[in-house]
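J.: In short: position in the sequence shown from 1, add 17, done, that's this note's numbering.
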Amino acid sequence: MEVHVVSKLDNSQHKTIILPDDAELGKLGESAIRVRTQLVGLTSNNLSYARLGTALRWWDAYPVQQSYPEPYNDTASWGIVPAWGFAAVQESTIPDLVTGTLLCGFWATSNTAADLKLKPGEATGHWIEISEHRTGLMPLYNRYVVTSESLESPTEDQLDRLAWSSVFRVWAAGYYLDEYVFPTDTAKQAPVHPSGGLGLPWTAEDADLSSAVVVNLAASTKTARTFTYFFERRAKEAAPLGLLQVTSAVEGLTRATEFAKPVFPSNAVNYTQLESQDTVTWLRERAPSKIVILDYGTRPGGLERLLNLVENDSILQKSKTVIISIGTQQMVLSSEETLKAQEQAAALGKIQYNTSSIEDVGIATKGENGFFESLGPKWERLLDQRHQWAPDLKMIWGDGVSGPEGIEGGWDRVANGRVGADEARVYRLF
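(1) Going by DSSP in three states, Ile-424 sits in which element: helix, strand or coil?
(2) Taking a contact to mean a Cβ-Cβ separation below 8 Å, would you say Ala-241 touches Phe-281 in this structure?
(3) If you follow the beta strand (DSSP E) that Gly-415 is part of, which residue opens it and which one closes it?
(4) So, Ala-285 versus Leu-270, is the Cβ gap smaller than 8 Å?
(5) If you follow the alpha helix (DSSP H) that Glu-440 is in, where does it begin and where does it stop?
(6) Taking only runs of the alpha helix (DSSP H) that begin and end inside the region 145-192, which ones reach a length of at least 4 residues, in chain order?
(7) Alpha carbon to alpha carbon, how far is Cys-121 from His-21?
(8) Output the distance between the C-alpha atoms of Val-187 and Gln-83, rounded to the nearest integer angstrom.
(9) Can you say whether Glu-321 is buried or exposed, counting buried as having 16 or more other CB atoms within 10 angstroms of its CB?
(10) Leaving out the 5 sequence neighbours to the left and right, which residues in its chain are closer than 7 Å to Gly-314 when beta-carbon positions are compared?
(11) Can you tell me which of the three DSSP states Thr-220 falls into?
(12) Is there contact between the region 151-160 and the region 372-384, where contact requires at least three CB pairs shorter than 8 Å?
(13) On a CA-only basis, which of Ser-419, Val-443 and Val-431 is nearest Ile-35? Give me that one, please.
(14) Could you give the distance in angstroms between the alpha-carbon of Leu-176 and the alpha-carbon of Leu-168?
(15) Can you list, in chain order, the stretches of the alpha helix (DSSP H) that have 4 or more residues and sit fully within the region 47-127?
(16) So what does DSSP say about Asp-429, is it helix, strand or coil?
(17) Does the distance from the CB of Val-184 to the CB of Ala-441 come in under 8 Å?
(18) Give me the Cα-Cα distance between Ala-229 and Pro-137, rounded to the nearest whole angstrom.
(19) State the Cα-Cα distance for the pair Glu-108 and Met-412, rounded to the nearest angstrom.
(20) Name the two residues that bound the continuous beta strand (DSSP E) containing Pro-137.
(21) At which residues does the alpha helix (DSSP H) containing Ile-341 begin and terminate?
(22) Here's a check: name, in chain order, each residue in its chain whose Cβ is nearer than 6 Å to the Cβ of Leu-133, leaving out the five neighbours to either side.
(23) Please report how far the alpha carbon of Ala-78 lies from the alpha carbon of Val-98, in whole angstroms.
(24) Are the beta-carbon atoms of Val-57 and Ala-100 separated by less than 8 Å?
(25) Contact defined as beta carbons within less than 8 Å: I believe Trp-428 pairs with Val-81. What is the distance between those atoms, to the nearest angstrom?
(26) Looking only at C-alpha atoms, which of Ala-130, Pro-408 and Glu-422 sits nearest to Trp-414?
(27) At the level of alpha carbons, what is the spacing between Trp-144 and Thr-164?
(28) To which residues of the same chain is Thr-355 closer than 8 Å at the C-beta, ignoring the five residues directly before and after it?
(29) Secondary structure at Val-280, three-state DSSP: helix, strand or coil?
(30) May I ask you to report which of helix, strand or coil DSSP gives Leu-261?
(31) Ignore the nearest five residues each way along the sequence and tell me which others in Pro-211's own chain have a CB closer than 6 Å to its CB.
(32) Give the straight-line distance between the Cα atoms of Gly-377 and Gly-153, rounded to the nearest whole angstrom.
If you want it as structure tokens, here you go:
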């Protein structure tokens, strides 16, 4: 059995450790399941889970065990970075979750068994992890959902859909941004502050994009792609003046826009074109009174270059600038560099986006059943049309935990910024 562990002090340092069988887990407790990870995706989000794992308690999901070999049993220095995907129930003391049940959720990057203590959620098929060591984790990461799919003898299409679901579990972040932060009808859906239910004001005026240009920085990231899918399908009465997508995958995003046929101008440009005369002219022609910058983890200097462009243009400098931080750069940062980045974000007035908190607001407003019943069909539609809104994306399969083709090799790629804009990486552990 293998477990992938990452240094909390230097996220570029990682190791696959070999463990004996799972006999030491002992008898399964009440209201619990024993699961084994089957399929997970690795994206730049996983790097965020490591970088901010202590502050936001992501390390708490699957802490390293005292039985692990030294020094990897030291919880202060080493941890397991979870990943979105699917796991199968191996053993259960919950009658509704029988052996073989496949669950979607937040899993350990290992092929060892793990125990979860669960209570039923209000929505059908939803279960909430209630173990004491996970009480500090945001609700989104403690929710597990039963799926009707199976990995025993999946068809090619079923396996492909499960792979996309693993990689694009972050799709909800893009959807919530469009649906709740910038709702198309504020009379039907009250705008929600990007940070979620923290009591911070976010008015209909804040959510109004009718005189705004929206700029997606790092527009080929998974969250950005799903936001754009919904955003480019807005009705005319809720349309912005334009959407500028800054990306290294111009051709793919341009093709996605051609499929979407938005009722407003949508333009994809490479980072090298960001300050070009064509880009400046395109922005000036929109004559925006507001520029909303959605930063999904742009390249170093990307945001500063855009702000400099705006500040030095006689027309654009009159615009109100709003910056929402949604993702982080695909690179390892030291604790000092992370602190510096946070200080710079505060100095720029960046608003931090919080997917889990916005989901909490949606559930509180619509009720758990109503919220997830409305969410399901949107994901299925997104999944059905995946080759339209991500026509350039290649699903790259890896196997196992250790080695260059396993999660270990995948982490090397993520940590060193070597995952291409047209790549989605998923790992099979069954």
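From the three backbone atoms N, C-alpha and C, an ideal C-beta is built for every residue, glycine too.
T.: Per the coordinate set shown:
(1) Here residue 424 refers to the residue found at position 407 when the sequence shown is read from its first residue. DSSP places Ile-424 in helix when its eight states are reduced to three.
(2) Taking the first residue of the sequence shown as 1, we reach residue 241 at position 224. Taking the first residue of the sequence shown as 1, we reach residue 281 at position 264. Contact: no.
(3) Taking the sequence shown and counting its residues from 1, one reaches residue 415 at position 398. Taken as a continuous stretch (DSSP letters only), the beta strand (DSSP E) holding Gly-415 covers 411-416.
(4) Here residue 285 is taken as the residue at index 268 of the sequence shown, counted from 1. Here residue 270 is taken as the residue at index 253 of the sequence shown, counted from 1. Yes; because the gap between Cβ atoms is below 8 Å, this pair is in contact.
(5) Working through the sequence shown from its first residue, we reach residue 440 at position 423. No alpha helix (DSSP H) contains Glu-440, which is instead part of the beta strand (DSSP E) from 440-445.
(6) 173-184
(7) As a working mapping, residue 121 is identified with position 104 in the sequence shown. As a working mapping, residue 21 is identified with position 4 in the sequence shown. Going from the Cα of Cys-121 to the Cα of His-21 covers about 20 Å.
(8) Here residue 187 refers to the residue found at position 170 when the sequence shown is read from its first residue. Here residue 83 refers to the residue found at position 66 when the sequence shown is read from its first residue. The alpha-carbon atoms of Val-187 and Gln-83 are separated by roughly 32 Å.
(9) Your numbering for residue 321 matches position 304 in the sequence shown. Burial call: exposed.
(10) Within the sequence shown, residue 314 is the residue found at index 297, counting from 1. So the list reads Ser-61, Ala-235, Thr-238, Gly-344, Thr-345, Gln-346 and Gln-347, once near-sequence residues are dropped.
(11) Within the sequence shown, the letter at position 203 stands for residue 220. Here Thr-220 sits in coil by DSSP.
(12) yes
(13) Position 18 of the sequence shown holds residue 35. For the residues Ser-419, Val-443 and Val-431, the minimum Cα distance to Ile-35 belongs to Ser-419.
(14) In the sequence shown, the residue the question calls residue 176 occupies position 159. In the sequence shown, the residue the question calls residue 168 occupies position 151. Taking the straight line joining both Cα atoms gives about 8 Å.
(15) 61-68
(16) Indexing the sequence shown from 1 puts residue 429 at position 412. Helix.
(17) Taking the first residue of the sequence shown as 1, we reach residue 184 at position 167. Taking the first residue of the sequence shown as 1, we reach residue 441 at position 424. A contact, by the Cβ cut-off of 8 Å.
(18) What you label residue 229 is simply residue 212 of the sequence shown in a count that begins at 1. What you label residue 137 is simply residue 120 of the sequence shown in a count that begins at 1. Each residue's alpha carbon lies about 43 Å from the other.
(19) Here residue 108 refers to the residue found at position 91 when the sequence shown is read from its first residue. Here residue 412 refers to the residue found at position 395 when the sequence shown is read from its first residue. Straight-line Cα distance between these residues: approximately 31 Å.
(20) Position 120 of the sequence shown, counted from the first residue, corresponds to residue 137. Where Pro-137 is concerned, the enclosing beta strand (DSSP E) stretches over 130-137.
(21) To locate residue 341, count along the sequence shown from 1; it is residue 324. Premise fails: Ile-341 lies in the beta strand (DSSP E), 337-342, not in any alpha helix (DSSP H).
(22) On the sequence shown, residue 133 is found 116 positions in, with the first residue counted as 1. Cβ within range, chain order: Ile-50 and Glu-146.
(23) The residue given as residue 78 occupies position 61 in the sequence shown. The residue given as residue 98 occupies position 81 in the sequence shown. Each residue's alpha carbon lies about 8 Å from the other.
(24) The residue labelled residue 57 in the question sits at position 40 within the sequence shown. The residue labelled residue 100 in the question sits at position 83 within the sequence shown. Cβ atoms of Val-57 and Ala-100: closer than 8 Å.
(25) Counted from its first residue, the sequence shown places residue 428 at position 411. Counted from its first residue, the sequence shown places residue 81 at position 64. The pair is not a contact, with the Cβ atoms about 16 Å apart (cut-off 8 Å).
(26) The residue you call residue 414 lines up with position 397 of the sequence shown. Looking at the Cα atoms, Glu-422 is the closest of the given residues.
(27) Position 127 of the sequence shown, counted from the start, is the residue given in the question as residue 144. Position 147 of the sequence shown, counted from the start, is the residue given in the question as residue 164. For Trp-144 and Thr-164, the distance between alpha carbons rounds to 12 Å.
(28) As a working note, residue 355 is residue 338 in the sequence shown. Counting only Cβ-Cβ distances below 8 Å, and skipping sequence neighbours, we find Arg-68 and Leu-69.
(29) Your numbering for residue 280 matches position 263 in the sequence shown. Here Val-280 sits in coil by DSSP.
(30) Taking the first residue of the sequence shown as position 1, residue 261 is located at position 244. Strand.
(31) For the purposes of this step, residue 211 is taken as residue 194 along the sequence shown, with counting starting at 1. Result list for Pro-211: Val-198, Ile-341, Ile-368 and Tyr-370, in chain order.
(32) Counting from one through the sequence shown, the residue named residue 377 turns up at place 360. Counting from one through the sequence shown, the residue named residue 153 turns up at place 136. Gly is not the amino acid found at residue 377; the sequence shown has Asp there. Answer to the nearest angstrom: the Cα atoms are 15 Å apart.
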